[in-house]
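Have a look at the structure below before the remarks.
Numbering (UniProt numbering), first residue to last: 1 to 491.
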């Protein structure tokens with residue numbers, strides 16, 4: 001929903017919105033700030049999430065905007081709405097549909113020419129990614145071969161004037177978010193940029209300038225249902241004190257009438273993700289998903305969803321962060337999944353132009369994307385709200401799922417020759433019972449095949465911590481393959 005107002009003069013951007021609009025649905029009310037969109041044009045964007053009649057009226061008009069009011073009707077549709085935290089460690093759309101993020105990263109995507117932006121979105125959508133992390137401010141430094149033609153603000157005496165946002169730039173940002181939404185991709189926007197290093201000077205904003213920029217950005221983007229907020233990538237490279245991040249994060253939460261999910265991403269020093277403004281943890285850790293039992297510890301510490309947004313990238317460059325194989329990256333995603341967490345991809349294979357996909361985008365050439373799209377299909381096909389470790393304290397198989405409903409067991413990159421039917425009995429949830437019957441599917445995570453075990457399994461023995469089918473023979477497996485099992489109870 002967008003309302004457009006004409007003022008009698010242009011008003012510089014500051015910490016006071018040019019207009020507020022109160023939207024009401026019965027006794028439910030939401031106050032939404034407007035923003036300047038060039039010359040004497042002002043807009044208010046709102047994301048209504050209740051079907052029926054809404055009324056609206058302006059408040060606190062400035063710049064000669066006249067008071068106004070009106071009404072509109074929201075009809076039921078196939079739109080699923082914004083993504084928010086659900087079931088403590090997972091995500092769902094506003095309509096309750098589970099959302100399982102399988103994301104990728106292209107830092108400087110917004111700052112490429114339009115054909116490259118469209119090529120990038122077509123590539124990542126075709127691979128099955130449903131979240132893209134990208135910077136609003138341009139990246140500088142290694143592997144950046146393209147200088148942007150648009151910058152976010154005007155200059156005043158050599159300094160950036162955040163009270164004068166570049167309307168063509170922010171319209172380009174609007175179009176980018178809309179393009180992602182049209183392809184079913186969440187726009188994980190990185191608000192501040194730790195990779196300027198003085199090249200553009202956008203890393204030198206004051207705390208007061210942070211506020212002006214943030215108010216404008218949120219007013220402009222918060223009505224898009226596919227927006228995620230991330231304060232910064234590798235925040236601890238920007239050299240700001242923790243208190244400044246806490247304050248601006250709290251302001252972000254306060255400003256957003258649509259309550260989009262919010263995070264901040266670390267380099268070396270973990271952020272205090274127990275802060276109230278943080279909805280989910282966005283973590284960089286190259287070793288958290290190398291093996292089982294590590295990533296799930298973050299869930300215990302913060303009690304929030306965890307996305308391992310950087311677990312190294314598939315690539316062939318000298319830097320260790322961009323030099324793992326496709327097989328290694330796919331393995332790490334599966335470990336993240338059975339840890340009850342999520343992960344993000346990046347591709348850093350050498351290109352002729354000296355850049356990388358994770359920097360500039362374009363076509364994908366790695367081995368991982370197709371396999372990660374396959375993983376997303378597996379996750380989207382689950383009958384449970386999300387994967388949670390069943391017995392995180394002492395399950396040698398690290399089985400995840402929902403007790404007595406559905407389970408996923410990942411053997412790693414080398415499956416054994418046989419598997420005897422066994423499930424962990426967790427301390428929470430429904431208790432397994434003798435006579436419970438299950439279907440088992442064999443999932444080849446690399447060759448992307450799903451094969452039924454061809455027979456059902458029935459529990460004959462249930463102990464305090466484990467349950468077994470002792471009557472049937474072990475299940476033969478393709479030894480040495482990267483294999484997982486999907487185990488679903490027959491109601």
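C-beta: ideal position from N, C-alpha, C; glycine also. All values derive from a computational prediction rather than experimental measurement.
query	result
Residue closest to residue 158, alpha-carbon to alpha-carbon, out of 258, 359, 200	200
Distance, residue 135 Cα to residue 319 Cα	21 Å
Given residue 76 as reference, the closest of 66, 53, 476 once Cα atoms are compared	53
Beta-carbon spacing of residue 184, residue 125 below 8 Å	yes
Beta-carbon spacing of residue 440, residue 457 below 8 Å	yes
Exposed unless 16 or more other CB atoms sit within 10 angstroms - verdict on residue 236	buried
Residue 89 classed as buried or exposed, judged by whether at least 16 other C-beta atoms fall within 10 angstroms	buried
C-alpha gap between residue 232 and residue 431, whole angstroms	43 Å
Exposure label - residue 51; buried when at least 16 CB within 10 Å	exposed
Bounding residues of the alpha helix (DSSP H) (the contiguous stretch that carries residue 244)	242-255
4-residue-minimum alpha helix (DSSP H) runs that sit fully inside the segment 309-361, ordered along the chain	326-338, 357-360
DSSP beta-bridge partners of residue 4	43
The segment 404-422 / the segment 100-115 touching (three or more Cβ pairs under 8 Å)	no
Backbone secondary structure at residue 36 - three-state DSSP	strand
In DSSP terms, what residue 304 is bridged to	According to DSSP, which records beta bridges pairwise, residue 304 is partnered with nothing at all.
Near the ligand COA: residue 338 beta-carbon under 7 Å from a heavy atom	In terms of ligand content, the structure shown is empty, and the ligand COA therefore cannot be addressed.
Cβ-Cβ distance between residue 354 and residue 145 below 8 Å	yes
Straight-line gap, residue 447 to residue 386 (C-alpha atoms, nearest Å)	24 Å
Rounded distance between the beta-carbons of residue 245 and residue 264, thought under 8 Å	6 Å
C-alpha gap between residue 228 and residue 154, whole angstroms	26 Å
Candidates 437, 423, 255, of which the one nearest residue 490 by Cα	437
Straight-line Cα distance separating residue 477 from residue 49	48 Å
Nearest-angstrom Cα separation, counted from residue 480 out to residue 416	6 Å
Beta-carbon proximity list for residue 275, same chain, < 7 Å, skipping 5 on both sides	246, 249
Burial state of residue 356, where buried means 16 or more other Cβ atoms lie within 10 Å	buried
Integer Cβ distance of residue 340 from residue 358, believed to fall under 8 Å	About 26 Å separates the two Cβ atoms, so there is no contact after all.
CA-to-CA distance, residue 26 to residue 156, given in whole angstroms	47 Å
Three-state secondary structure assigned by DSSP to residue 281	strand
Cutoff 7 Å; reference residue 469; Cβ partners in own chain excluding five residues on either side	421, 457, 458, 459, 460
Nearest neighbour of residue 71, chosen from 182, 55, 487, 178 [CA to CA]	55
Residue(s) in a DSSP beta bridge with residue 422	468
Best match in 207, 284, 84 for proximity to residue 259 [C-alpha to C-alpha]	84
Closest residue to residue 334 among 351, 368, 316, 130 (Cα-Cα distance)	368
Burial state of residue 28 (16 or more Cβ within 10 Å)	exposed
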